[in-house]
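Counting with this note's numbering, you get residues 8 to 390 for the letters of the sequence shown. Idealized CB from N, CA, C, for every residue including glycine. Model, not experiment: these values are computed from the prediction. To start, the structure under review is shown below, and the notes come after it.
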Amino acid sequence: MAAEDKSKKPKIDLKARLGKTNIGTQAVPLPVPGQSQPPPSGSGKSPNIAPPPGISPGIPVPPFAQPAKAVAAAAEPPPKPTAVQQTIKVEVGEEIIKEREKAKKRLIMAAVGTALLGIAIGYPVGGAAARNERGKAVVANAKALMTDVKAANEKMKELETLLGEAAEKLGKKEYPAELAGQLGGINIPFDATKVDGASISGLNPSALRQLLNFTKGCEELNKKKDSFKNLLEFAKAPVEKAWKEEKEPVMNFSVLFRSDQKGVIAELVPVKEPFDLGKDWPANYAVLKPERTQQGMKSVEKKLNRYTKGDLPGSGDPVLIPVDPVTTSAFTSQEVIRNLRKAFVDMRTELKGDDSNPASPITGLIETGDNLMTAIQKVTQGG
Numbered sequence: 008m009a010a011e012d013k014s015k016k017p018k019i020d021l022k023a024r025l026g027k028t029n030i031g032t033q034a035v036p037l038p039v040p041g042q043s044q045p046p047p048s049g050s051g052k053s054p055n056i057a058p059p060p061g062i063s064p065g066i067p068v069p070p071f072a073q074p075a076k077a078v079a080a081a082a083e084p085p086p087k088p089t090a091v092q093q094t095i096k097v098e099v100g101e102e103i104i105k106e107r108e109k110a111k112k113r114l115i116m117a118a119v120g121t122a123l124l125g126i127a128i129g130y131p132v133g134g135a136a137a138r139n140e141r142g143k144a145v146v147a148n149a150k151a152l153m154t155d156v157k158a159a160n161e162k163m164k165e166l167e168t169l170l171g172e173a174a175e176k177l178g179k180k181e182y183p184a185e186l187a188g189q190l191g192g193i194n195i196p197f198d199a200t201k202v203d204g205a206s207i208s209g210l211n212p213s214a215l216r217q218l219l220n221f222t223k224g225c226e227e228l229n230k231k232k233d234s235f236k237n238l239l240e241f242a243k244a245p246v247e248k249a250w251k252e253e254k255e256p257v258m259n260f261s262v263l264f265r266s267d268q269k270g271v272i273a274e275l276v277p278v279k280e281p282f283d284l285g286k287d288w289p290a291n292y293a294v295l296k297p298e299r300t301q302q303g304m305k306s307v308e309k310k311l312n313r314y315t316k317g318d319l320p321g322s323g324d325p326v327l328i329p330v331d332p333v334t335t336s337a338f339t340s341q342e343v344i345r346n347l348r349k350a351f352v353d354m355r356t357e358l359k360g361d362d363s364n365p366a367s368p369i370t371g372l373i374e375t376g377d378n379l380m381t382a383i384q385k386v387t388q389g390g
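Here's what the structure looks like:
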């Protein structure tokens, strides 16, 4: 009976039921061709679960009841874009890249233009600034050099004034004894230490030659000045003696005659105490006769008779004959006067120059200094 009841129950078509259920559920996306399905998450196939009796076939099957393939398909990432879509995206990307490249080029050109403009403006401005700085340094150095040259020229003009006054005194046969002390207090403040690369950077060749000549002349003038000072101190007594002897000539030298193995020999000897030419001459007087000794040549005083008559030198002692002072001026104070006069002339020529010979005029240091200051003045004024 029981078996009959079971046989009378209607059979349930599971496949039909499941098919109806799937029709009512969400559509399952088809897999992309060529893409493999990932394996199901379980160890084996999940059996199809039939809905319990009484549930309408129109109700969607819950996710856990869906087949494994459907669940795996739902978990798949969205499909890749089609070839048409890819082509559109690439075309849009190229346009953007091209626009960006154009914008980049415009920025580069603008930057280059700005840089060139800066160079165009900055180069002359920077160059002018550098030249301006160098120009300021050249002008400052030229002003310092001109100050030194001016100071030296002023000292030389002071020296020339002193020499002129002393020359007037000498012309009156008055010895300028104070000049030696004055020369000791004067120094021409210019030498090679005043000349370096910075101080001569703005001078033209002509001014540079003048500067070199001026420097050399100042150094030599200081040496001549010191030598002249020493000569003035030494020459005072001989010069005053010579001026006195010009009025009252005296016998400063005599000739000594003596016998020798080969004949008579004459010697020029100085008189120890010169006697006046216009007064009576002494019969005998002392002279300073040079003789050889173990220590060398030495002046030995000898008092001898003045020659009056008879044979020379006679059979006795040597005799003396006075010498005319005019012929011995080179050996007397007159020579000192000549040396002093020459020193005056050389110093003044060095300072003021000499145009007595038009064919070869001599430019003085004072004039050279004035010309040099004029050339330096042009540098300080930007000339």
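Helix, strand or coil at Pro320 [DSSP, three-state]: coil
Residues of its chain near Glu247, where Cβ-Cβ distance is below 7 Å and the 5 sequence neighbours each way are ignored: Tyr182
Rounded Cβ spacing between Asp358 and Leu166 (contact assumed at less than 8 Å): Note that residue 358 is Leu in the sequence shown here, rather than Asp. Indeed they touch by this definition, with Cβ atoms about 7 Å apart.
Residues near Lys236 in its chain [Cβ-Cβ closer than 7 Å; skip 5 each side]: Ala187, Leu190, Gly191
As assigned by DSSP and simplified to three states, the class of Val333: helix
Neighbourhood of Ser266 by C-beta distance below 7 Å, restricted to the same chain and skipping five residues each side: Pro320
Buried or exposed by the 16-neighbour rule on C-beta atoms within 10 Å, applied to Val91: Residue confidence for Val91 is low, a pLDDT of 48 falling below 50, so the modelled location carries little weight; the figure read from the coordinates is stated next. With fewer than 16 Cβ atoms within 10 Å of its Cβ, Val91 is classed as exposed.
Best match in Leu311, Phe264, Leu275 for proximity to Phe338 [C-alpha to C-alpha]: Leu275
Inter-stretch contact at 8 Å, needing at least 3 Cβ pairs: the stretch 294-306 / the stretch 220-235: no
Sequence-distant residues of its chain with Cβ nearer than 6 Å to Pro256 (five each side left out): Leu284, Pro332
Classification of Ser363 by the beta-carbon crowding that lies within 10 angstroms, buried from 16 upward: exposed
Residue from Val156, Thr168, Glu172, Leu177 whose Cα sits closest to the Cα of Ala242: Leu177
Any beta strand (DSSP E) of 3 or more consecutive residues that is wholly inside the stretch 240-316: 257-267, 270-283, 291-300, 303-313
Stretch pair the stretch 158-173 + the stretch 195-204: three plus CB contacts closer than 8 Å: yes
Coarse secondary structure for Gly191, derived from DSSP in three states: helix
Cutoff 8 Å; reference Met380; Cβ partners in own chain excluding five residues on either side: Met153, Val156, Lys157, Asn160
Local Cβ density within 10 Å of Pro461, reported as buried at 16 or more and exposed below that: Coverage of the chain is limited to positions 8 through 390, which leaves residue 461 absent and any answer about it impossible.
Distance between Val202 and Leu347 (C-alpha atoms, nearest Å): 34 Å
Rounded distance between the beta-carbons of Gly376 and Phe221, thought under 8 Å: 6 Å
Backbone secondary structure at Thr339 - three-state DSSP: coil
Proximity of Ala144 and Ala382 at Cβ, strictly below 8 Å: no
Secondary structure of Gly371, DSSP reduced to three states: coil
Minimum Cβ-Cβ distance from Val262 to chain B less than 8 Å: Checking the listed chains, one finds no chain B in this structure; it contains a single protein chain.
Residues bridged to Gly360 (per DSSP): Thr370
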